[in-house]
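Note sheet for the following structure.
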Amino acid sequence: MEWKRDWGLTSRVWLTMFLLFVVYIVFIAILSILGIPTLFLFIIAFGMAFIQYFFSDKLVLWTTGSRIIADDENPELHRMVEKLAAEAGIPKPQVAIMQSPVPNAFATGRSPKHAVVACTDSIIRLLNKDELEAVLAHELAHVKNRDILTMTIASFIAMIASIIMQSFLWGALFNRRGGDGASAWIIAGIVAAIVWFVASLLMMALSRYREFAADRGSAYITKNPRALISALNKISGRMDNVPVEAKAKVEGANAFFIIPALSGNAFLELFSTHPALEKRIANLEKVEAELRGY
Numbered sequence: 190m191e192w193k194r195d196w197g198l199t200s201r202v203w204l205t206m207f208l209l210f211v212v213y214i215v216f217i218a219i220l221s222i223l224g225i226p227t228l229f230l231f232i233i234a235f236g237m238a239f240i241q242y243f244f245s246d247k248l249v250l251w252t253t254g255s256r257i258i259a260d261d262e263n264p265e266l267h268r269m270v271e272k273l274a275a276e277a278g279i280p281k282p283q284v285a286i287m288q289s290p291v292p293n294a295f296a297t298g299r300s301p302k303h304a305v306v307a308c309t310d311s312i313i314r315l316l317n318k319d320e321l322e323a324v325l326a327h328e329l330a331h332v333k334n335r336d337i338l339t340m341t342i343a344s345f346i347a348m349i350a351s352i353i354m355q356s357f358l359w360g361a362l363f364n365r366r367g368g369d370g371a372s373a374w375i376i377a378g379i380v381a382a383i384v385w386f387v388a389s390l391l392m393m394a395l396s397r398y399r400e401f402a403a404d405r406g407s408a409y410i411t412k413n414p415r416a417l418i419s420a421l422n423k424i425s426g427r428m429d430n431v432p433v434e435a436k437a438k439v440e441g442a443n444a445f446f447i448i449p450a451l452s453g454n455a456f457l458e459l460f461s462t463h464p465a466l467e468k469r470i471a472n473l474e475k476v477e478a479e480l481r482g483y
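190 is the number of the first residue of the sequence shown in this note's numbering; add one for each residue after it.
Printed below as a string of structure tokens:
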């Protein structure tokens, strides 16, 4: 079975972007009614979006402590990625290693031509060849689906709301004028908090579906969904034994990981970036049946 475009993912991307656009327009309208000067905040937000778009791969590598490796540092890993990229019909991305006891992998970059696939040293030791190939194929599926860029764009509105929310919080605390001025700061901060919350929920819903799509993509690339099922079970099982401190250290990159590293923070778990493991396995078993012609 050849790779087929996931129209479910495509429709969800466009729906999410439309809903975020609506939220954005309502947000701006309320701020305008309140008379809040937001020009400088938009300049900051657009500047951050520019950096996030053109340097997102470097930012993710830097925050996770990952290092791009040359072909001769790990020839087998490079050959594996090159073969899988050819199967997926995309250029070979750069390969990076992250030193961490958290067994995981991720992909980043704004396009297939500017992508990086990274994995931790611990996941290389944990998985066998077929399982590691399945995990890398999952990450390459993200690259082929271009959903990494989608999440970067989708995060833009939440980023604006977060900046404004924090700015207006400080403005309310240090506003000495009192009266209507202070009230406007407080209302704007509340509105920004609501917008950030709604935008985050929309992004997380999209993120969960994109993981299903990448799992299916891995199965199509490797023709071996059972290997990814085995890998997900191994990673999930080992994750329970990883020290909380180690998971907390990389928790900020959970949206990129194949399985999130949850440290037990109940608030963060409300914004789950991944579907339940049982649902992912059921999804892969369905793909396995398709590949066998059932």
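In this text, a Cβ means the ideal position worked out from N, Cα and C, and glycines have one as well.
Every value quoted in this text rests on a predicted model; they were computed, and no experiment measured them.
What residue range is occupied by the uninterrupted beta strand (DSSP E) comprising residue i?
i           : result
residue 425 : Residue 425 -> not in any beta strand (DSSP E); alpha helix (DSSP H) instead, spanning 414-428.
residue 305 : 304-309
residue 286 : 283-287
Compare the beta carbon distance of residue i and residue j with 8 Å and say whether it is the shorter of the two.
i           : j           : result
residue 416 : residue 323 : yes
residue 286 : residue 307 : yes
residue 312 : residue 283 : no
residue 395 : residue 329 : no
residue 296 : residue 267 : no
residue 418 : residue 470 : yes
For residue i, which residues from the same chain have a beta carbon less than 6 Å from its beta carbon, with the 5 sequence-adjacent residues on both sides left out?
i           : result
residue 457 : Residue confidence is low: residue 457 scores 49 on pLDDT, short of 50, so the model does not pin down where it sits. Its coordinate-derived value is still stated next. Excluding residues within five positions, none has a Cβ falling inside 6 Å.
residue 255 : 285, 287 and 307
residue 246 : 297, 298 and 305
residue 455 : Because the pLDDT of residue 455 is 46, which lies under 50, any placement of that residue in the model is unreliable, and the question is left without a value.
Which of the three DSSP states is assigned to residue i in this structure?
i           : result
residue 257 : strand
residue 210 : helix
residue 298 : strand
residue 332 : helix
residue 457 : Residue placement at residue 457 cannot be trusted, given a pLDDT of 49 that sits under 50; the coordinates are not used to answer.
residue 375 : helix
residue 463 : coil
residue 448 : coil
residue 204 : helix
residue 404 : helix
residue 195 : coil
residue 315 : helix
Which residue comes first and which comes last in the alpha helix (DSSP H) that contains residue i?
i           : result
residue 439 : 433-439
residue 275 : 264-277
residue 470 : 466-480
For residue i, which of the options has the nearest alpha-carbon?
i           : options               : result
residue 425 : 306, 411 and 315      : 315
residue 276 : 204, 410 and 262      : 410
residue 304 : 389, 319, 281 and 262 : 281
residue 292 : 427, 302 and 466      : 427
residue 466 : 200, 421 and 382      : 421
residue 433 : 451, 446, 387 and 472 : 451
residue 393 : 240, 215 and 443      : 443
Considering only residues of the same chain and omitting the five flanking positions on each side of residue i, which have a CB-CB separation below 8 Å?
i           : result
residue 334 : 195, 198, 399, 402, 403 and 406
residue 476 : 404, 405, 408, 409 and 414
residue 423 : 292, 315, 316 and 320
residue 441 : 252
For a test of your reading of the model: does the CB of residue i fall under 7 Å from any non-hydrogen atom of the ligand HEM? Yes or no.
i           : result
residue 330 : Among the components modelled here there is no ligand, and therefore nothing to report on the ligand HEM.
Leaving out the 5 sequence neighbours to the left and right, which residues in its chain are closer than 7 Å to residue i when beta-carbon positions are compared?
i           : result
residue 435 : 289, 290 and 291
residue 412 : 480
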